[in-house]
Amino acid sequence: MSNDNKTIHDFDFEVICEYFSGVERQGPGSPEVTIKALNFIDGLNHESRIADLGCGTGGQTMVLAQHVPGTITGIDLFPKFIDTFNRNAAKLNVQERVNGVVGSMDNLPFEPESLDLIWSEGSIYNIGYENGLRYWRNYLKTGGYVAVSEATWFTNERPAEIETFWHNAYPEIDTISVKVAQMQKAGFVPVATFILPENCWTDHFFAPQVELQKAFLREKGDNKAAADLVAEMRHEAVMYDKYKSFYGYVFYIGKKI
Ligand code: SAH
Numbered sequence: 004m005s006n007d008n009k010t011i012h013d014f015d016f017e018v019i020c021e022y023f024s025g026v027e028r029q030g031p032g033s034p035e036v037t038i039k040a041l042n043f044i045d046g047l048n049h050e051s052r053i054a055d056l057g058c059g060t061g062g063q064t065m066v067l068a069q070h071v072p073g074t075i076t077g078i079d080l081f082p083k084f085i086d087t088f089n090r091n092a093a094k095l096n097v098q099e100r101v102n103g104v105v106g107s108m109d110n111l112p113f114e115p116e117s118l119d120l121i122w123s124e125g126s127i128y129n130i131g132y133e134n135g136l137r138y139w140r141n142y143l144k145t146g147g148y149v150a151v152s153e154a155t156w157f158t159n160e161r162p163a164e165i166e167t168f169w170h171n172a173y174p175e176i177d178t179i180s181v182k183v184a185q186m187q188k189a190g191f192v193p194v195a196t197f198i199l200p201e202n203c204w205t206d207h208f209f210a211p212q213v214e215l216q217k218a219f220l221r222e223k224g225d226n227k228a229a230a231d232l233v234a235e236m237r238h239e240a241v242m243y244d245k246y247k248s249f250y251g252y253v254f255y256i257g258k259k260i
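Laid out in structure tokens, this is it:
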């Protein structure tokens, strides 16, 4: 397979895990955006139960922990991310109410209708947005909220190069109006959507990877999987810079009725 046709999903899990363990965030986002999304959610208190699905090393979870009461369970497939997550919770002294657990977002360890809020930044694509919303809804109390960020087209028509790139990476990418309709069909009142500002990609996602990529290549450049991953991540940054007026990440906040 030529590198042009490869997506992040085709790479060796170990290599991806090691690469992304070296940065604070594993997807586009920022503390300001997490707090903005949180502002659309009311009714949280010390009894609230929150899950952060596909939490990674917990960049956004630690922001949540500092701004909401209640307990937060982070779930991620990669044990190394969860180790870092729990170390970060201990550093902030929130380990009593913030706990990372290894698990899969399509097989949740919660009781039905037991959660007040499900959070998921840049992760629901792993099981598909529509599928994920329908499945996760079962675990929310009536009146509970879901808040997810998701890759989204800004326009109905796109240049072929970026269309192909996303078709390979995540064919479920779609426009804001389609995603809102899907959320409503899945049994949520769409409460808010907003586009993540560019700095969530540039300053918080791509920039921290630049030094990491150099070090990664110095240490593992002779490992083809590692070199390919760095090439792909650099390609993703070039694509974003070229086509950012056509797509980005969008936060979707919904309330279970
Ligand atoms: N929310 C974090 C991480 C986003 S990257 C952030 O915004 O920085 C996507 C995350 O989903 C990765 O940490 C990856 O390990 C995790 N992931 C992938 N498939 C998963 C699954 N089936 N269940 C749980 N986590 C998964």
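Here the sequence shown is numbered in the numbering used here, starting from 4 and rising by one per residue.
Ideal Cβ placement from N, Cα and C applies to all residues, glycine included.
(1) Does the distance from the CB of residue 249 to the CB of residue 176 come in under 7 Å?
(2) Taking 7 Å as the limit between beta carbons, can you name the residues of its chain near residue 6, skipping five residues before and five after?
(3) Is there at least one Cβ from chain B nearer than 7 Å to residue 64's Cβ?
(4) Which runs of the beta strand (DSSP E) spanning at least 3 residues fall entirely within the segment 15-68, listed in chain order?
(5) Give the C-beta separation of residue 56 and residue 108 to the nearest angstrom, bearing in mind that I take them to be a contact with Cβ-Cβ under 8 Å.
(6) Quick one: Cα of residue 88 to Cα of residue 183, how far?
(7) Would you identify the three-state DSSP class for residue 239, choosing helix, strand or coil?
(8) Measure the Cβ-Cβ separation of residue 258 and residue 143 and say whether it is below 7 Å.
(9) Given a cut-off of 7 Å on the beta-carbon distance, is the pair residue 195 and residue 43 in contact?
(10) Under the assumption that residue 69 contacts residue 32 (Cβ atoms under 8 Å), give the Cβ distance between them as a whole number of angstroms.
(11) Considering only residues of the same chain and omitting the five flanking positions on each side of residue 211, which have a CB-CB separation below 7 Å?
(12) From what residue to what residue does the beta strand (DSSP E) around residue 105 run?
(13) Tell me whether the segment 113-131 and the segment 145-157 touch, counting them as touching only if at least three CB pairs, one residue from each stretch, are closer than 8 Å.
(14) What does a CB cutoff of less than 6 Å around residue 85 pick up in its chain, not counting 5 residues either side in sequence?
(15) Among all the DSSP beta bridges, which residues are the ones paired with residue 198?
(16) Using a threshold of 7 Å, state whether the C-beta atoms of residue 76 and residue 93 are closer than that.
(17) Is residue 187 near the ligand SAH, with its Cβ less than 6 Å from a heavy atom?
(18) Quickly, what does DSSP pair residue 191 with across the bridge? List them, please.
(19) Helix, strand or coil, according to DSSP, for residue 225 in the structure here?
(20) Alpha carbons only, please: which of 225, 145, 90, 128 is nearest the one belonging to residue 171?
(21) Cutting at 6 Å between CB atoms, please list the residues of its own chain near residue 23, excluding the five before and the five after it.
(22) Using 6 Å as the cut-off, classify the Cβ of residue 33 as near or not near the heavy atoms of the ligand SAH, replying yes or no.
(23) Can you tell me whether DSSP reads residue 173 as helix, strand or coil?
So, from the data block:
(1) no
(2) Residue placement at residue 6 cannot be trusted, given a pLDDT of 45 that sits under 50; the coordinates are not used to answer.
(3) This model lacks chain B altogether; it includes just one protein chain.
(4) 52-56
(5) 4 Å
(6) 31 Å
(7) helix
(8) no
(9) yes
(10) Between residue 32 and residue 69 the Cβ distance is about 15 Å, and since that is not below 8 Å, they are no contact.
(11) 26, 27
(12) 101-105
(13) yes
(14) 79, 103, 105
(15) 253
(16) no
(17) no
(18) 259
(19) coil
(20) 128
(21) 29
(22) no
(23) coil
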